[in-house]
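Asker: Just dropping this structure here.
Chains as they are written, first to last, in our numbering: chain A, 1 to 210; chain B, 211 to 395.
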């Protein structure tokens, strides 16, 4: 086939190209919804949620992880576009990380040092590290599927950022169940998020090559 | 034509193309192709590539531009986006053919913007990818591209709806891109 022939063929292709931003946001929303349902039908919301939400600790966990999911999603989206600079946008992640850091500092000040270890270990650290990646699975799968319409300069990186976004969303959802309130406990969240990020990067290297 | 003017023209064509204007799209692809050819030839010859591979590389890059055009934001000029797509695909394609290559994206954009040298290249067939498609895709692709028939004529002859022909056409382009990518050639 000569190149002119290929050009004629492509000009006849009227299939509307996929608009990436819409796909990516829809993927995270749909995946998030599936994970919310999964949480509700399995482990459920924490007892005493109303009271817990009245305090700043749970709110901080939810806000910080949700914000991080949002910024990571924008990053993943940028990484899916050829020639799009993404590294400066990564600075936005400092904001939620700073929130978490401030929360940790606050708790270290409020709690007597004898209670630090108990607050950090919580009661369900291992379960949290297990369940956050579980909750991130459906958002991650849908995000990777959406990003396959993109053209990432670095497929592994784009996948990793998708994993970060999905992991943070999983953490934000898990926080509605999590009975361990202290921001110190969020370090376990970060391990769960790191697992999801790694899974995303590995998937991206295979699935986001175009 | 001055560089900025050319980029503006390409951008304009591609905007219309995304709104469904296939004539503008045709113009865009035709205008870009000689530049791609120059670029591919330059990169390949620097790394000792055979000229027969060039047209393959050009077609692979064109397919990527086509299938990924939804990632371009029409509010922006097309240069940086095109440069990045072309560079990624060029590197991929030449690497697969055994060349170690690293082209800075600036160089790609500069070359895209520069006037193409006279296109004296033999209009060589790319390696017969087409034969690997299955019917009816192969039949449809051959009818529209090589025989120059319209979608309507093709549909009538194959007793298919125009919609079905278009769907098959789109799938065929995706398959061609995947065949390049999976090192089938």
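Built from N, CA and C at the ideal position, the CB exists for glycine as well. Remember, it's a predicted structure, so these values are computed and weren't measured experimentally.
Using a 10 Å radius around the Cβ and a threshold of 16 neighbouring Cβ atoms, would you call residue 273 of chain B buried or exposed?
Answerer: That one is buried.
Asker: Do residue 170 of chain A and residue 87 of chain A come within 8 Å of each other at the CB atom, strictly closer than that value?
Answerer: Cβ distance not < 8 Å, so residue 87 of chain A and residue 170 of chain A don't count as in contact.
Asker: Identify which residue in B/302, B/347, B/322 and B/295 has its Cα closest to the Cα of residue 370 of chain B.
Answerer: Of B/302, B/347, B/322 and B/295, the residue nearest in Cα terms is B/347.
Asker: Between the C-alpha atoms of residue 185 of chain A and residue 263 of chain B, what's the straight-line distance to the nearest angstrom?
Answerer: Distance between the alpha carbons of residue 185 of chain A and residue 263 of chain B: 57 Å.
Asker: Report the three-state DSSP secondary structure of residue 340 of chain B (helix, strand or coil).
Answerer: Three-state result, residue 340 of chain B: helix.
Asker: Just the C-alpha distance for residue 39 of chain A and residue 127 of chain A, rounded to the nearest angstrom, thanks.
Answerer: Approximately 13 Å between the Cα atoms of the pair.
Asker: Between the Cα of residue 345 of chain B and the Cα atoms of B/379, B/316 and B/362, which residue gives the shortest distance?
Answerer: Out of B/379, B/316 and B/362, B/379 has the C-alpha closest to the C-alpha of residue 345 of chain B.
Asker: Alpha carbon to alpha carbon, what distance is there between residue 206 of chain A and residue 330 of chain B?
Answerer: In this predicted model, residue 330 of chain B has a pLDDT of only 49, less than 50, meaning its place in the structure is not dependable; the value taken from the coordinates is given anyway. Answer to the nearest angstrom: the Cα atoms are 39 Å apart.
Asker: Would you call residue 318 of chain B buried or exposed, if buried means 16 or more other Cβ atoms sit within 10 Å of its Cβ?
Answerer: Residue 318 of chain B should be labelled buried.
Asker: Between residue 81 of chain A and residue 20 of chain A, which are expected to be in contact by the criterion C-beta below 8 Å, what is the C-beta distance as a whole number of angstroms?
Answerer: Confirmed, Cβ separation roughly 7 Å.
Asker: Would you check if the region 131-150 of chain A and the region 17-33 of chain A touch, i.e. whether three or more CB-CB distances between them fall below 8 Å?
Answerer: At 8 Å Cβ cutoff, the stretches touch.
Asker: Can you grab the Cα-Cα spacing for the pair residue 381 of chain B / residue 200 of chain A, in whole Å?
Answerer: Residue 381 of chain B and residue 200 of chain A: Cα-Cα distance of roughly 27 Å.
Asker: Can you find a C-beta in chain A that's less than 8 Å from the C-beta of residue 351 of chain B?
Answerer: True, the Cβ-Cβ gap to chain A drops below 8 Å.
Asker: Between residue 24 of chain A and chain B, is the shortest Cβ-Cβ distance under 8 Å, so that the two count as touching?
Answerer: Taking Cβ atoms only, chain B never reaches closer than 8 Å to residue 24 of chain A, which makes this a no.
Asker: Shortest alpha-carbon distance to residue 188 of chain A belongs to which of A/177, A/62 and A/121?
Answerer: Taking only the C-alpha atoms, the option nearest residue 188 of chain A is A/121.
Asker: Would you say residue 317 of chain B lies against chain A (beta-carbon separation less than 8 Å)?
Answerer: No, because no Cβ of chain A sits closer than 8 Å to the Cβ of residue 317 of chain B.
Asker: Assuming the contact rule is C-beta atoms closer than 8 Å, residue 123 of chain A and residue 50 of chain A should be a hit. Round their C-beta distance to whole Å, please.
Answerer: In fact, because the Cβ distance is near 20 Å, the residues do not count as touching under 8 Å.
Asker: Listing by chain order, which chain A residues have their CB less than 9 Å from the CB of residue 243 of chain B?
Answerer: Simply 3, 4 and 7.
Asker: Exposed or buried, what is residue 107 of chain A when buried is set at 16 or more other beta-carbons lying within 10 Å of its beta-carbon?
Answerer: Residue 107 of chain A should be labelled buried.
Asker: Counting along the chain, where does the alpha helix (DSSP H) carrying residue 120 of chain A start and finish?
Answerer: Counting along the chain, the alpha helix (DSSP H) containing residue 120 of chain A begins and ends at 116-121.
Asker: Would you mind stating whether residue 339 of chain B and residue 1 of chain A have Cβ atoms separated by less than 8 Å?
Answerer: Yes.
Asker: At 4 residues or longer, and completely inside the region 118-186 of chain A: list those alpha helix (DSSP H) runs for me, N to C.
Answerer: Those alpha helix (DSSP H) runs which fall completely within the region 118-186 of chain A and span 4+ residues are 125-147 and 155-174.
Asker: Against chain A, which members of the region 260-283 of chain B pass a CB distance test of less than 9 Å?
Answerer: Those would be 265, 268, 269, 272, 273, 274, 275, 276, 277, 278, 279, 280, 281, 282 and 283, in chain order.
Asker: If you draw a straight line from the C-alpha of residue 209 of chain A to the C-alpha of residue 85 of chain A, how long is it?
Answerer: If you take the alpha carbons of residue 209 of chain A and residue 85 of chain A, they lie about 19 Å apart.
Asker: State the DSSP-derived secondary structure class of residue 210 of chain A, mapped to helix, strand or coil.
Answerer: Residue 210 of chain A: coil per DSSP, three-state reduction.
Asker: In angstroms, rounded to a whole number, what distance separates the CA positions of residue 248 of chain B and residue 279 of chain B?
Answerer: The straight-line gap from Cα to Cα measures roughly 22 Å.
Asker: Identify the contact partners of residue 148 of chain A in chain B, using a Cβ-Cβ distance below 9 Å as the criterion.
Answerer: In chain order: nothing, as chain B lies at least about 11 Å away.
Asker: What are the start and end residues of each continuous beta strand (DSSP E) run of 3 or more residues lying completely inside the region 275-308 of chain B, in chain order?
Answerer: Qualifying beta strand (DSSP E) stretches: none in this window.
Asker: Is the region 163-178 of chain A touching the region 230-238 of chain B, taking contact as three or more C-beta pairs under 8 Å?
Answerer: Verdict: no, contact absent.
Asker: For residue 252 of chain B, does the three-state DSSP call read helix, strand or coil?
Answerer: In the structure shown, residue 252 of chain B sits in a helix (DSSP, three-state: H, G or I).
Asker: Distance check for residue 115 of chain A and residue 22 of chain A, CA to CA, integer angstroms please.
Answerer: Looking at the two C-alpha atoms, the distance is approximately 46 Å.
Asker: Is the region 63-76 of chain A touching the region 87-99 of chain A in the sense that three or more CB pairs, one from each, lie closer than 8 Å?
Answerer: As far as the Cβ criterion goes, the region 87-99 of chain A touches the region 63-76 of chain A, which means the pair count is three or higher.
Asker: Output, in chain order, the set of chain A residues within a Cβ distance shorter than 8 Å of residue 235 of chain B.
Answerer: Those are 10 and 11, listed as they occur along chain A.
Asker: Run down chain B in chain order and give the residues with a C-beta less than 8 Å from the C-beta of residue 83 of chain A.
Answerer: The contacting residues are 290, 291, 293, 294, 295 and 315.
Asker: To be precise: take each residue of the region 159-193 of chain A, compare its Cβ to all Cβ atoms of chain B, and keep it if any distance is under 7 Å. Which residues remain?
Answerer: For the region 159-193 of chain A, which is checked against every Cβ of chain B, not one residue is closer than 7 Å.
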